[in-house]
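Here the structure comes first, spelled out in structure tokens, and everything after it is commentary.
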Amino acid sequence: MEAMAAAALAGGVRWLQLRDKKQGFRRACRRAKRLAALCADHDARLIVNDSIAVAAEAGACGVHLGRDELPGWQEIDRAHEQGLIVGVTCRGNAQWAQAAAAGGADYLSFGAIFPTHSKPEVPTIGIARLAKARRLFPDAVIVAIGGIDADNIVQIKQAGADAAALISGIFAAGSITERARLLDTLWRAA
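See the structure below:
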């Protein structure tokens, strides 16, 4: 995992999210610490999925709360008290996004925009819904996720996303570094 992360960071990835739900606390902390150090070497930031404790212990930049239910304000406050930024999965739900924004979330994640191999059970919301989220939340940082690759990343930016989160779109490529560079170039040019 670290070698793949290093390749992505070398290609220009500036935010890395650790999704590691199968590890215990200590193993997750060790992995997150290694990734946080890699990110620091590349002037990038690490976000840890779902665990405020692991994110804080590892020195990550933030935590992403991406569950099947909206996190409570107390959870967002607890993460902020640890000095972490907080992202929240909103899927396509404007009420969740409104509550997360009101609760202090630093970014709102919308998706899956397109069908995705990583979470095939998640329904797609499409570009139009992403653009609607941008109109509804003009001051929020919006991250698009799900099925994003070199063929559609420009659409994501044009719909109003501030960032795109990818798994297969980078890590399934023959050269992770070259794919990350291509995606960065496409994003900046859009």
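The sequence shown: position 33 = 39 (this note's numbering), numbered continuously.
Just so it is clear, CB atoms sit at the ideal spot from N, CA and C, and this is done for glycine as well.
The model shown is predicted, which means the values in this text are computed figures rather than measured ones.
First and last residue of the uninterrupted beta strand (DSSP E) at residue i
i   : result
S57 : Neither: S57 is in no beta strand (DSSP E) and is coded neither H nor E.
L24 : W21 to L24
Start-to-end residues for the alpha helix (DSSP H) that takes in residue i
i    : result
H86  : W79 to E87
L41  : F31 to D47
G68  : Careful: G68 lies outside any alpha helix (DSSP H), inside the beta strand (DSSP E) at G68 to L71.
L192 : I182 to A195
I176 : S174 to F177
M7   : From DSSP, M7 is part of no alpha helix (DSSP H); its letter is neither H nor E.
Alpha-carbon to alpha-carbon, residue j and residue i
i    : j    : result
L22  : L52  : 5 Å
N55  : A62  : 12 Å
A178 : A11  : 12 Å
A8   : C35  : Correcting the residue identity first, residue 8 is Glu in this sequence and not Ala. Looking at the two C-alpha atoms, the distance is approximately 14 Å.
R40  : D49  : 14 Å
T130 : Q101 : 17 Å
R140 : G30  : 37 Å
Q88  : A171 : 24 Å
H86  : K125 : 28 Å
D26  : E81  : 20 Å
Nonlocal neighbours in the same chain, by C-beta distance under 7 Å from residue i, ignoring five residues either side
i    : result
F143 : A103, A107 and L114
I133 : I119, Q161 and A165
Own chain partners of residue i with C-beta closer than 8 Å, once the 5 adjacent residues on each side are dropped
i    : result
L128 : One point to set straight first is that residue 128 is Val, not Leu, in the sequence displayed. Same-chain partners within the cutoff: R97, G117, A118, T122 and G152.
Q164 : A196
A156 : G175, R185, L188, L189 and L192
Check: residue i C-beta below 7 Å from any heavy atom of the ligand HEM
i    : result
T122 : Within the structure as shown, the ligand HEM is missing, as the structure has no ligands at all.
Beta-carbon contacts of residue i that lie in its chain and below 6 Å, excluding the five residues immediately before and after
i   : result
G65 : A42
T95 : G72 and S115
Checklist entry - Fully enclosed by the segment 92 to 170, which beta strand (DSSP E) runs are 3 residues long or longer? => result 113 to 117 and 148 to 151
Next on the checklist: For the segment 180 to 191 against the segment 7 to 16, do three or more pairs of beta-carbon atoms, one drawn from each stretch, fall closer than 8 Å, so that the two count as touching?
Outcome noted: yes
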